[in-house]
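Below is one structure, written out as structure tokens, with a few remarks after it.
In our numbering, the protein residues as written are 31 to 355.
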């Protein structure tokens, strides 16, 4: 029986994933969700994290807080990305243990997998090859988060009832996304560009590359729902499908889409009626990035929001946030 009154701490509640977890927890009837802004609690500060856990004593923790950014940010500030993410994970996971938290969910990233991992990328691809150099420090930190959870489980699972789990999301989009003109990911970047082209009556939008690479996308509310599902999954069932040193779960949509098709869907969602031009002189990047969500499906969870529906919701969020209507 799930206790809807238990105290749940969501770290990173202002981010896209963290805010979605809070939203879905509230929709499911959870009554006692606690949060802190960065100004109120610096998760890289061990003393502050210790004081917070001693004061609040949460029963569950969703660790969605992280320093994130695009390729340019990862390349420019590699020391900040590895240091801050390592400190956040180490402080929160260790203090959760010290404070008696039995259940914790750590949110990672698909960049943990090798640059040349077989497609679709399955959980057993972890640590089998070289990482993508542009975000290696961030990926190493996320791998460390997985191994922190597994190590505390291995050492304290039986003696202290510790059950710390990790989920690895594919490319996410939706409410709370970053629409920065230079640092945003592909879906928010396309939404902004198509909207601005429509507003200025620009006849065409130019997209870098051939449009042939394929990418997987998951609406962030589905990611949040999957996270809560994994957190509450029976330990017996969870342990049957994982091993102590390979316990993370991929969370993806289950299929991918060509960038050309994605651009057409975004143009429809934004009501842009001009031309879409692909600049084949620009680099495409990896031809395909798809995660295997076979294990998650075997647990009984599937996403509910299609890409078309999700893009319409994301565009509505963009309009409300930036234009107020």
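From the three backbone atoms N, C-alpha and C, an ideal C-beta is built for every residue, glycine too.
Keep in mind the model is a prediction, meaning the values are calculated, not measured.
Touching by the beta-carbon criterion (3+ pairs, under 8 Å), the region 292-301 and the region 339-354: In short, these stretches touch, since the Cβ pair count reaches three.
Sequence-distant residues of the same chain with beta carbon closer than 8 Å to residue 305, five excluded per side: Translated into the one-based positions of the chain shown, residue 305 becomes position 275. The answer, listed in chain order, is 233, 234, 235.
Range of the contiguous beta strand (DSSP E) that encloses residue 193: Working through the chain shown from its first residue, we reach residue 193 at position 163. Per DSSP, residue 193 belongs to the beta strand (DSSP E) from 193-199.
Residue 32 (DSSP reduced to helix, strand or coil): Numbered from 1 along the chain shown, position 2 holds the residue referred to as residue 32. Coil.
Those residues which DSSP pairs with residue 203 across a bridge: Within the chain shown, residue 203 is the residue found at index 173, counting from 1. The beta-bridge partner set that DSSP reports for residue 203 consists of 249.
Range covered by the beta strand (DSSP E) that runs through residue 92: Against the chain shown, residue 92 aligns to sequence position 62. That run of the beta strand (DSSP E) goes 90-93.
Beta-carbon gap between residue 26 and residue 47 smaller than 9 Å: Because the chain is modelled from 31 through 355, residue 26 falls outside the range shown and cannot be assessed.
Contact check, residue 196 vs residue 116, beta carbons under 9 Å: The residue given as residue 196 occupies position 166 in the chain shown. The residue given as residue 116 occupies position 86 in the chain shown. Result no, Cβ atoms of residue 196 and residue 116 do not sit closer than 9 Å.
Residues sharing a beta bridge with residue 222, DSSP: Walking along the chain shown from the start, residue 222 turns up at place 192. Under DSSP, residue 222 shares a beta bridge with no residue.
Beta-ladder partner(s) of residue 234, from DSSP: Sequence index remark: in the chain shown, residue 234 carries index 204 (1-based). Per DSSP, 305.
Cβ distance (whole Å) where residue 121 is taken to contact residue 74 below 8 Å: The sequence position of residue 121 within the chain shown is 91, counting from 1. The sequence position of residue 74 within the chain shown is 44, counting from 1. Rounded, the Cβ-Cβ distance is 7 Å, consistent with contact.
Length of the line joining the Cα atoms of residue 112 and residue 171: Position 82 of the chain shown, counting from 1, holds the residue named residue 112. Position 141 of the chain shown, counting from 1, holds the residue named residue 171. Their Cα atoms are separated by approximately 6 Å.
Straight-line Cα distance separating residue 243 from residue 166: If you number the chain shown from 1, residue 166 lands on position 136. If you number the chain shown from 1, residue 243 lands on position 213. Taking the straight line from one Cα to the other gives about 22 Å.
Where residue 225 falls, given that 16 or more other Cβ within 10 Å makes a residue buried: Counting from 1 along the chain shown, the entry for residue 225 is found at position 195. The residue in question, residue 225, is buried, as its Cβ has 16 or more Cβ neighbours within 10 Å.
Nonlocal neighbours in the same chain, by C-beta distance under 8 Å from residue 119, ignoring five residues either side: For the purposes of this step, residue 119 is identified with residue 89 of the chain shown, where counting begins at 1. Non-local beta-carbon contacts of residue 119 in its own chain, meaning distances under 8 Å to residues more than five positions away in sequence, involve 93, 136, 171, 174, 175, 178 in chain order.
Euclidean distance between Cα positions of residue 320 and residue 222: Translated into the one-based positions of the chain shown, residue 320 becomes position 290. Translated into the one-based positions of the chain shown, residue 222 becomes position 192. Here the C-alpha atom of residue 320 lies approximately 25 Å from the C-alpha atom of residue 222.
Contacting residues, own chain, Cβ-Cβ under 6 Å from residue 67 (five flanking each side not counted): In the chain shown, residue 67 corresponds to position 37, counting from 1. Excluding sequence neighbours, residue 67 sits near nothing in its chain.
Exposure of residue 211, with buried meaning 16 or more beta-carbon neighbours within 10 Å: In the chain shown, residue 211 corresponds to position 181, counting from 1. Counting Cβ neighbours within 10 Å, residue 211 comes out exposed, since fewer than 16 surround it.
Residue range of the unbroken alpha helix (DSSP H) whose run includes residue 136: Here residue 136 refers to the residue found at position 106 when the chain shown is read from its first residue. Looking at the DSSP string, residue 136 is not in any alpha helix (DSSP H); the run it does join, the beta strand (DSSP E), is 133-137.
The region 182-190 touching the region 251-263, judged by at least three CB pairs closer than 8 Å: These segments do not touch.
Contact set for residue 127: own chain, Cβ-Cβ below 7 Å, skip 5 residues either direction: Walking along the chain shown from the start, residue 127 turns up at place 97. Here the set comprises 182, 186, 192.
Euclidean distance between Cα positions of residue 202 and residue 85: Counted from its first residue, the chain shown places residue 202 at position 172. Counted from its first residue, the chain shown places residue 85 at position 55. Taking the straight line from one Cα to the other gives about 33 Å.
Residue 218 beta carbon less than 9 Å from that of residue 348: Here residue 348 corresponds to residue number 318 of the chain shown, with the count starting at 1. Here residue 218 corresponds to residue number 188 of the chain shown, with the count starting at 1. Taking 9 Å as the Cβ cut-off, residue 348 and residue 218 qualify as a contacting pair.
Test: residue 285 CB closer than 9 Å to a CB of chain D: Any reference to chain D falls outside this structure, which holds one protein chain only.
Neighbour-count burial assignment, residue 380, 16 or more Cβ in a 10 Å radius: Look at the range of the chain in this structure, 31 to 355, and you will see that residue 380 is not part of it.
Residue 149, DSSP secondary structure in three states: Locating residue 149 in the chain shown gives position 119, where the first residue counts as 1. In the displayed model, residue 149 falls within coil according to three-state DSSP, outside both helix and strand.
Residue environment, residue 134, which counts as buried when at least 16 other CB atoms sit within 10 Å: Within the chain shown, numbered from 1, the residue matching residue 134 stands at position 104. That one is buried.
Alpha helix (DSSP H) segments (min. 4 residues) lying fully within the region 60-122: With a minimum length of 4 residues, the unbroken runs of alpha helix (DSSP H) contained wholly in the region 60-122 fall at 76-86, 101-106.
For residue 40 and residue 269, the rounded distance between their alpha carbons: Translated into the one-based positions of the chain shown, residue 269 becomes position 239. Translated into the one-based positions of the chain shown, residue 40 becomes position 10. Cα-Cα distance, rounded: 24 Å.
Own chain, CB closer than 7 Å to residue 103, minus 5 neighbours either side, in chain order: Locating residue 103 in the chain shown gives position 73, where the first residue counts as 1. So the qualifying residues of the chain are 213.
Cα-Cα separation, residue 346 to residue 53: Here the question's residue 346 lines up with position 316 in the chain shown. Here the question's residue 53 lines up with position 23 in the chain shown. It is roughly 17 Å from the alpha-carbon of residue 346 to the alpha-carbon of residue 53.
Beta-carbon contacts of residue 275 that lie in its chain and below 7 Å, excluding the five residues immediately before and after: Position 245 of the chain shown holds residue 275. Closer than 7 Å at Cβ, skipping near neighbours: 180.
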